Structures are given as structure tokens and as C-alpha cells.
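Residue numbers (the numbering used here): -16 to 164. C-beta atoms are modelled at their ideal positions from N, C-alpha and C, and glycine is treated no differently. Since this is a predicted model, take the numbers as computed values, not measurements.
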Ligand code: IMP
Ligand code: MG
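In C-alpha cells form, the structure reads like this:
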């Protein structure tokens, strides 16, 4: 793979557009928090870049935690089985928790995570997804906060990957050739 090549990629959202939307999300999240503390739970690895930008525009006492999940049969034909690879480091009982995800796609990952984290009885549990692909939904779940709603297109960059590549691209890009699905 060529280094940082935008070949076969088309910019969907520029870093400027992303920054503006992330700032809006941060303001909205902070308003709903009403001055209380927050635990941001990032879903590895895709949400890492989004979480780091979002955290810095939320003016609240905030801690980070991360979970990792794997799903079987990725792509257009997911088997629906989601497995936890890395659990939370610290208990979240009685806390204001925000799950931070890159893309809400079939909804299988987030509905699994929501159920799992709710078992710990957080004070509040909200979900922010940078991107939402509503047309792909299998599980009925909505994010409390959505950056951009997009059609069924495969995107990379700003944390999101194709075969672990492209996560470090500063813009959100469409794969225009060799569509993986
Ligand atoms: P789902 O909602 O359980 O189907 O899973 C969503 C996850 O699938 C996201 O967190 C991404 O890791 C991955 N994913 C879905 N669509 C895309 C895409 O367009 N590009 C990169 N990863 C994607
Ligand atoms: Mg992900």
C-alpha cells in the first residue's frame, strides 16, 4: 500500500467539517451533563481518534475507558455474534457514561454494549456515533448524538479502517474502488 495515498479515495467530510461538527456535539453533550462528571467509553479501535477530539471540546470533569469487541462475519452479512475482547478497566455504577463509537451500522455492536454496560447500573448511559448508516440497521438502536448520517457507503479515515489501514487519514473518505463489501 502506498504511504498516505488518497488514490481510490474521495473525501466525504473534510477535517474542517469534522472539527465543526465535533464541536457542536461536544457542546450538546456538555449541556445535557449539567455540570456533572462524565466517563467516556471508546470502542476500540475505530473510535480512538473521534474520542480524543470530542473529549477536548467537552468542558467537564471527564475520564476515559475503552472496550474492544469483535464480531463474526463482518461486512454485509454479519452473523450477529458480538464478543467482548477487552472489558472496562473501572466500574461505572452510578456514573454518567457516554459510549463513543465511530459508526453505527447494523447496530449489533452498540446494542450488545448498551445491554452489557446497563448491567452495571450507570446513572446515565448515552451513545454518540460519529457516523450513522440507518439503512443498514438490524438491531433497533439509535444513538443519542450523531455526527453525520450517511447512506450505505464504506468509509475510511479519522479512525476508521479497511483492513487496519487508513485510520490515520485526517479526513473521512469514501472508498471508490475495490469496495470491500
Ligand atoms: P455494527 O453497528 O455492529 O454493524 O458495527 C459497526 C462497526 O462496523 C463500526 O464500529 C466499524 O468498526 C465497522 N464499520 C461499519 N461500517 C464501516 C465503514 O464504512 N468503514 C469502516 N468500518 C465500518
Ligand atoms: Mg468500530
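Its Cα nearest to that of residue 32, the residue 144 stands out among 144, 157, 110, -5. In chain order, 159, 160 place their CB closer than 6 Å to the CB of residue -9, counting only its own chain and leaving out the 5 sequence neighbours on each side.
Excluding five sequence positions before and after residue 13, the CB atoms of its chain that fall closer than 7 Å to its own CB belong to 41, 42, 43, given in chain order.
Two segments are said to touch when three or more pairs of C-beta atoms, one from each, lie closer than 8 Å; by this definition the stretch 98 to 107 touches the stretch 72 to 79.
The beta-carbon separation of residue 93 and residue 84, rounded to 6 Å, stays under the 8 Å limit for a contact. For residue 95, the enclosing alpha helix (DSSP H) has its first and last residue at 91 to 101. Within the DSSP secondary-structure output, residue 84 pairs in a beta bridge with 112. When beta bridges are read from the DSSP output, residue 27 appears opposite 51.
If you draw a straight line from the Cα of residue 17 to the Cα of residue 130, it is about 21 Å long. Secondary structure of residue 9 (DSSP, three-state): helix.
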